[in-house]
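So the structure is just underneath, and the comments pick up after that.
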Amino acid sequence: MSEKAKTMVLASFIGDALALGPHWEYDTEALRRRYEPLSGYVAPAPDGYHGGKKAGELTHYGDQTRILLRSLAERGGFDLGDYAAKWLARMRGYDGYIDGATRMTLKIFDFGEGPGESGSNSNDLAGAARIAPLVGALSHDLPALVAAARAQTKMTHNHAQVIEAAEFFARTARMVLDGKYPREALVLAAEAGYASAPIERWLAAGLESAGEDTVTAIGRFGQSCHINEAFPAVIHLIARHGRDLAACLRQNVMAGGDSAARGLLAGMVVGAALGRGAIPEDWLRGLADRQSIEADVDAVCR
Numbered sequence: 005m006s007e008k009a010k011t012m013v014l015a016s017f018i019g020d021a022l023a024l025g026p027h028w029e030y031d032t033e034a035l036r037r038r039y040e041p042l043s044g045y046v047a048p049a050p051d052g053y054h055g056g057k058k059a060g061e062l063t064h065y066g067d068q069t070r071i072l073l074r075s076l077a078e079r080g081g082f083d084l085g086d087y088a089a090k091w092l093a094r095m096r097g098y099d100g101y102i103d104g105a106t107r108m109t110l111k112i113f114d115f116g117e118g119p120g121e122s123g124s125n126s127n128d129l130a131g132a133a134r135i136a137p138l139v140g141a142l143s144h145d146l147p148a149l150v151a152a153a154r155a156q157t158k159m160t161h162n163h164a165q166v167i168e169a170a171e172f173f174a175r176t177a178r179m180v181l182d183g184k185y186p187r188e189a190l191v192l193a194a195e196a197g198y199a200s201a202p203i204e205r206w207l208a209a210g211l212e213s214a215g216e217d218t219v220t221a222i223g224r225f226g227q228s229c230h231i232n233e234a235f236p237a238v239i240h241l242i243a244r245h246g247r248d249l250a251a252c253l254r255q256n257v258m259a260g261g262d263s264a265a266r267g268l269l270a271g272m273v274v275g276a277a278l279g280r281g282a283i284p285e286d287w288l289r290g291l292a293d294r295q296s297i298e299a300d301v302d303a304v305c306r
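The number in the numbering used here is simply the position in the sequence shown, starting from 1, with 4 added.
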């Protein structure tokens with residue numbers, strides 16, 4: 005299981021890094037003209053959201069996931085206080101893009117709240133998308149995994165549907181690591197029951213779209229960060245491309261919008277299913293800070 009777990013975490017980071025250059029471009033025809041065929045990492049435009057970053061680096065979502073991975077590696081498990089301290093140290097002086105959820109969370113921390121009550125009211129899926137390192141660390145303990153996935157999400161996104169989405173995808177990835185096919189794992193994860201998010205409706209919509217072209221399907225669901233659009237789009241990516249990680253992550257980028265959050269989650273689930281051989285070697289070589297990431301992944305998945 006450990007090798008599959010390592011691939012799962014690496015594939016999640018790669019899904020984010022591939023989206024860096026084209027992130028938040030909504031014009032799919034412009035994406036096609038500029039990037040197709042997408043063969044690897046692309047540097048962002050200097051005047052874009054992620055200007056100043058280089059090809060192969062992570063978006064602000066990926067950087068926050070990286071903070072969580074480092075905390076897990078250093079603490080030998082999930083410690084919300086340690087993650088919060090590391091998150092604050094990085095994000096207070098962050099030299100990349102700072103989104104609305106991060107700005108609001110920083111303000112709430114500055115008001116004196118702790119990490120259990122610091123989250124913004126953002127309904128962006130990104131808060132739930134950072135969980136691959138947690139699945140790698142806690143796949144042996146489902147209650148602890150669920151609690152940690154929910155807690156890390158709530159720290160920045162105190163929105164019931166986003167918190168429940170984190171639980172759903174954590175359950176899904178854990179079952180895939182245990183040998184379930186991704187589609188089966190998605191259906192089983194929905195049976196856990198969720199009070200606020202219409203998980204079964206979003207799941208059904210995503211699964212029904214599996215025969216549809218990805219750009220068309222995600223354009224119909226909506227390309228934005230908001231969970232009601234992004235959740236079924238992730239389901240589509242997993243259901244349509246569950247046997248081809250490279251196609252999954254390429255098509256995710258070409259569908260436009262918030263491809264980074266979708267890439268973190270789709271990469272996690274499909275990577276867990278297919279293993280290391282599914283990742284193109286040049287994607288591994290081009291991932292910035294790869295050696296440090298792999299060292300922390302080894303520590304976490306051990």
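Note that CB positions come from ideal geometry on N, CA and C, so glycine has one too.
Being a predicted model, the structure only gives us computed values, none of them experimental.
Reduced DSSP secondary structure (H/G/I, E/B, other) of H161: In the sequence shown, residue 161 corresponds to position 157, counting from 1. Residue state, collapsed to three classes: strand.
With DSSP collapsed to three states, give me the class of H230. Your numbering for residue 230 matches position 226 in the sequence shown. Looking at H230 - three-state DSSP - the assignment turns out to be strand.
Identity of the residue in A177, R294, R96 and L84 nearest E61 by Cα: In the sequence shown, the residue the question calls residue 61 occupies position 57. Measuring from the Cα of E61, the nearest candidate turns out to be R294.
Can you tell me which of the three DSSP states S75 falls into? Here residue 75 corresponds to residue number 71 of the sequence shown, with the count starting at 1. S75: helix per DSSP, three-state reduction.
May I ask you to verify whether the stretch 241-261 touches the stretch 215-227, counting CB pairs closer than 8 Å and requiring at least 3? yes
Which residues mark the beginning and the end of the alpha helix (DSSP H) in which P137 is found? Position 133 of the sequence shown, counted from the start, is the residue given in the question as residue 137. Residues A136 to L142.
N256: first and last residue of the uninterrupted alpha helix (DSSP H) it sits in: In the sequence shown, counting from the first residue as 1, residue 256 sits at position 252. L249 to M258 is the span of the alpha helix (DSSP H), which, as asked, contains N256.
Distance between A189 and E171 (C-alpha atoms, nearest Å): Residue mapping note: residue 171 aligns to position 167 of the sequence shown, counting from 1. Residue mapping note: residue 189 aligns to position 185 of the sequence shown, counting from 1. Distance between the alpha carbons of E171 and A189 is about 13 Å.
contact_flag[the stretch 101-119, the stretch 134-151] where n(CB pairs < 8 Å) is 3 or more: no
Compute the beta-carbon to beta-carbon distance between D302 and K10, rounded to the nearest angstrom, for a pair I have assumed lies under 8 Å. Counting from one through the sequence shown, the residue named residue 302 turns up at place 298. Counting from one through the sequence shown, the residue named residue 10 turns up at place 6. D302 to K10, Cβ: 7 Å. Contact.
Can you give me the C-alpha to C-alpha distance between A277 and G123, rounded to a whole angstrom? Counting from 1 along the sequence shown, the entry for residue 277 is found at position 273. Counting from 1 along the sequence shown, the entry for residue 123 is found at position 119. The straight-line gap from Cα to Cα measures roughly 32 Å.
Less than 8 Å between the C-beta atoms of L42 and M258, yes or no? Your numbering for residue 42 matches position 38 in the sequence shown. Your numbering for residue 258 matches position 254 in the sequence shown. Taking 8 Å as the Cβ cut-off, L42 and M258 qualify as a contacting pair.
Can T69 and F17 be called in contact, C-beta distance under 8 Å? One-based indexing of the sequence shown puts residue 69 at position 65. One-based indexing of the sequence shown puts residue 17 at position 13. Against a cut-off of 8 Å, the Cβ pair of F17 and T69 comes out as a contact.
DSSP three-state label for D307, please. The shown model of the chain, from 5 to 306, leaves out residue 307, and the question about it has no answer.
Return the residue from the list A47, W28 and E7 that minimises the CA-CA distance to A292. Here residue 292 is taken as the residue at index 288 of the sequence shown, counted from 1. Looking at the Cα atoms, A47 is the closest of the given residues.
For S296, count the other beta carbons within 10 Å of its own beta carbon; 16 or more makes it buried, fewer makes it exposed. Which is it? In the sequence shown, counting from the first residue as 1, residue 296 sits at position 292. Classification of S296: exposed, given that the 10 Å Cβ count is below 16.
Please list the segments of the alpha helix (DSSP H) lying wholly inside the stretch 81-135, counting only runs of 4 or more residues, in order along the chain. 84-95 and 104-114
Reduced DSSP category for T11 - H, G, I as helix; E, B as strand; rest coil: Looking up residue 11 in the sequence shown gives position 7. Helix at T11.
In angstroms, rounded to a whole number, what distance separates the CA positions of Y53 and Y101? For the purposes of this step, residue 53 is taken as residue 49 along the sequence shown, with counting starting at 1. For the purposes of this step, residue 101 is taken as residue 97 along the sequence shown, with counting starting at 1. Those two C-alpha atoms are separated by around 6 Å.
Return the first residue and the last residue of the alpha helix (DSSP H) that Y39 is part of. Sequence index remark: in the sequence shown, residue 39 carries index 35 (1-based). Run containing Y39: T32 to Y39, per the alpha helix (DSSP H) assignment.
Using the C-alpha atoms, what's the distance from A174 back to L142? As a first step, residue 142 must be located in the sequence shown, where it is residue number 138. As a first step, residue 174 must be located in the sequence shown, where it is residue number 170. Cα to Cα, L142 sits roughly 10 Å from A174.
Quick check on the DSSP output: the alpha helix (DSSP H) that includes L62 runs from which residue to which? As a first step, residue 62 must be located in the sequence shown, where it is residue number 58. Neither: L62 is in no alpha helix (DSSP H) and is coded neither H nor E.
In its own chain, which residues sit with a C-beta less than 7 Å from the C-beta of D300, not counting the 5 before and 5 after it? Within the sequence shown, residue 300 is the residue found at index 296, counting from 1. Cβ within range, chain order: L73, R74 and A77.
Would you identify the three-state DSSP class for A194, choosing helix, strand or coil? Reading the sequence shown from its first residue, position 190 is the one you call residue 194. Of the three classes helix, strand and coil, the one that applies to A194 here is helix, per DSSP.
Out of L138, R96, I135 and A153, which has the shortest C-alpha to C-alpha gap to G120? Indexing the sequence shown from 1 puts residue 120 at position 116. For the residues L138, R96, I135 and A153, the minimum Cα distance to G120 belongs to A153.
H27 and A250 closer than 8 Å at C-beta: Within the sequence shown, numbered from 1, the residue matching residue 27 stands at position 23. Within the sequence shown, numbered from 1, the residue matching residue 250 stands at position 246. No, they are not a contact pair.
Measure the Cβ-Cβ separation of V274 and A15 and say whether it is below 8 Å. Mapped onto the sequence shown, residue 274 falls at position 270. Mapped onto the sequence shown, residue 15 falls at position 11. Going by C-beta atoms, V274 is nearer than 8 Å to A15.
As a quick exercise: from M108, D248 and L138, pick the residue whose alpha carbon is nearest that of V13. Counting from 1 along the sequence shown, the entry for residue 13 is found at position 9. The option with the nearest alpha carbon to V13 is L138.
Within 8 Å, strictly: CB atoms of Y65 and Q156: Indexing the sequence shown from 1 puts residue 65 at position 61. Indexing the sequence shown from 1 puts residue 156 at position 152. It is not a contact, given that the beta carbons lie outside the stated cut-off.
My understanding is that M290 touches G44, with C-beta atoms under 8 Å, so please give their C-beta distance in whole angstroms. The sequence position of residue 290 within the sequence shown is 286, counting from 1. The sequence position of residue 44 within the sequence shown is 40, counting from 1. Residue 290 is actually Gly in this sequence, not Met. Confirmed, Cβ separation roughly 6 Å.
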